[in-house]
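Novice:
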Amino acid sequence: MKQSNSSHVFRALADPTRRAIFEELTRRGERTVHALTHYAGVSQPAVSKHLTVLKRAKLVKHRRNGRETHYRAQPDALAPMVDWLNLYGAFWRERFDRLEALLERMEP
Amino acid sequence: MSNPAESTRTVVIERQFSHPPEKLWRALTEGPLIAQWLMKNNFEPVAGTKFQLRSEPVPNWNGVIDCEVLVVDPMKRLSYTWSTLGLDSVVLLTLTPTEIGTHLRMEHSGFPLTNQAAYQGATYGWQKFLGNLERVLEGEIR
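Residue numbers (this note's numbering), protein chains in the order written: chain A, 143 to 250; chain B, 15 to 156.
#1: For LEU229 of chain A versus VAL151 of chain A, is the C-beta spacing smaller than 8 Å?
#2: Name the residues in the region 170-192 of chain A whose C-beta lies less than 8 Å from a C-beta of chain B; which are they?
#3: Quick one: give me the first and last residue of the beta strand (DSSP E) that ASN207 of chain A is part of.
#4: Helix, strand or coil for THR63 of chain B, going by three-state DSSP, please let me know.
#5: Quick one: measure Cβ to Cβ for SER69 of chain B and MET89 of chain B, integer angstroms, because I've assumed they're closer than 8 Å.
#6: Is the Cβ of TYR213 of chain A closer than 8 Å to any Cβ of chain B?
#7: What do you get for ALA243 of chain A, buried or exposed, if any count of 16 or more other CB atoms within 10 angstroms of its CB means buried?
#8: Measuring only the C-alpha atoms, how far is LEU118 of chain B from ILE48 of chain B?
#9: Under the three-state reduction of DSSP, which class applies to GLY88 of chain A: helix, strand or coil?
#10: For the ligand COA, I want to know if LEU229 of chain A counts as a neighbour, meaning its beta carbon is within less than 7 Å of at least one of the ligand's heavy atoms.
#11: Across which residues does DSSP place VAL151 of chain A in a beta bridge pair?
#12: I'd like the ranges of any alpha helix (DSSP H) spanning at least 4 consecutive residues and lying wholly in the region 40-117 of chain B.
#13: Would you say VAL202 of chain A and LEU167 of chain A are within 8 Å of each other, going by their C-beta atoms?
#14: Do VAL175 of chain A and LEU193 of chain A have their CB atoms nearer than 8 Å?
#15: Looking only at its chain, what residues have a beta carbon closer than 8 Å to the beta carbon of GLU36 of chain B, apart from the 5 residues adjacent to it on each side?
#16: Determine which residues share a DSSP beta bridge with ARG119 of chain B and list them.
#17: How long is the line joining the alpha carbons of VAL25 of chain B and THR179 of chain A, rounded to whole angstroms?
#18: Ignoring anything shorter than 4 residues, give me the alpha helix (DSSP H) runs that lie fully in the region 165-206 of chain A, in order along the chain.
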């Protein structure tokens with residue numbers, strides 16, 4: 143399951159325009175198709191096509207509000223390809239530093 | 015992918031502390047002390063109980079890690095599940111008394127193997143993208 147999900151995600155993000163759109167949504171939160179078209183500098187039908195691919199990979203979600211469609215990023219979909227080992231290695235080392243400082247502060 | 019041991023990896027961090035196991039155990043199992051080095055929490059040292067570790071929420075992440083206590087073996091072993099961002103993992107802390115204090119081993123296991131492939135296959139664009147992503151996640155985890 144994780145494998146197929148991650149290959150979906152990879153395929154969706156292999157395209158630089160789609161990657162740029164996804165990064166923009168990660169940075170800025172919810173954006174309209176209109177705003178994303180302006181940002182990506184390609185035609186609206188092209189952006190809509192890219193958004194459909196991202197949606198299939200569960201990387202984005204959308205909601206309609208009147209005539210505008212709003213998209214937002216779903217970073218959970220990236221879980222299968224995140225480098226957890228490096229991420230948590232750094233996390234625990236830093237927390238162990240804090241633990242050491244705490245032990246120094248504590249009563250014996 | 016049928017054997018979980020073969021399909022996941024483990025992060026291991028070990029450190030020697032110049033403090034006795036009793037003191038280290040308190041820092042690992044008393045809620046207010048855990049909050050000072052790990053995260054805010056409602057931890058109780060009772061196997062089978064659920065608790066949450068909480069850090070500051072950020073966009074797209076509520077800052078919550080859902081946990082369940084698995085093992086409480088005083089001064090020796092503490093283990094709990096760790097679930098967040100769609101990934102279930104397990105933390106195991108093992109204390110061993112030494113001449114100068116306590117050796118602490120932390121094993122955090124259950125990370126999918128696919129990560130490695132992600133990095134090895136990375137082109138420049140991927141490196142940059144994953145680098146950005148890592149910064150986002152670091153912000154989330156802090």
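Glycine included, C-beta positions come from ideal geometry on N, C-alpha and C.
Specialist: Here's the rundown:
#1: Taking the first sequence and counting its residues from 1, the one referred to as residue 229 of chain A is at position 87. Taking the first sequence and counting its residues from 1, the one referred to as residue 151 of chain A is at position 9. No. Outside cutoff.
#2: GLY171
#3: The sequence position of residue 207 of chain A within the first sequence is 65, counting from 1. 202-207 is the extent of the beta strand (DSSP E) around ASN207 of chain A.
#4: Position 49 of the second sequence, counted from the first residue, corresponds to residue 63 of chain B. In the structure shown, THR63 of chain B sits in coil (DSSP, three-state: anything other than H, G, I, E or B).
#5: Here the question's residue 69 of chain B lines up with position 55 in the second sequence. Here the question's residue 89 of chain B lines up with position 75 in the second sequence. That pair is no contact at about 28 Å.
#6: As a first step, residue 213 of chain A is located in the first sequence; it is residue number 71 there, counting from the start. Not one chain B Cβ lies under 8 Å of TYR213 of chain A.
#7: Taking the first residue of the first sequence as position 1, residue 243 of chain A is located at position 101. Exposed is the call here.
#8: Start at 1 with the first residue of the second sequence, and residue 118 of chain B comes out as number 104. Start at 1 with the first residue of the second sequence, and residue 48 of chain B comes out as number 34. Straight-line Cα distance between these residues: approximately 15 Å.
#9: A question about residue 88 of chain A goes unanswered here, because the residues of chain A that appear run from 143 up to 250.
#10: Summarising the ligand content, the structure contains no ligands, and the ligand COA is consequently not present.
#11: Within the first sequence, the letter at position 9 stands for residue 151 of chain A. Paired residues: none, contrary to the question.
#12: 45-51
#13: Here the question's residue 202 of chain A lines up with position 60 in the first sequence. Here the question's residue 167 of chain A lines up with position 25 in the first sequence. The answer is yes: Cβ separation under 8 Å.
#14: By 1-based counting over the first sequence, the position of residue 175 of chain A is 33. By 1-based counting over the first sequence, the position of residue 193 of chain A is 51. Cβ distance < 8 Å, so VAL175 of chain A and LEU193 of chain A count as in contact.
#15: Reading the second sequence from its first residue, position 22 is the one you call residue 36 of chain B. For GLU36 of chain B, where only same-chain residues beyond five positions count, the Cβ hits under 8 Å are MET89.
#16: For the purposes of this step, residue 119 of chain B is taken as the residue at position 105 of the second sequence. ARG119 of chain B pairs with B:GLU28, B:THR108.
#17: Along the second sequence, read from residue 1 onward, the residue named residue 25 of chain B stands at position 11. Along the first sequence, read from residue 1 onward, the residue named residue 179 of chain A stands at position 37. VAL25 of chain B and THR179 of chain A: Cα-Cα distance of roughly 42 Å.
#18: 175-182, 186-198
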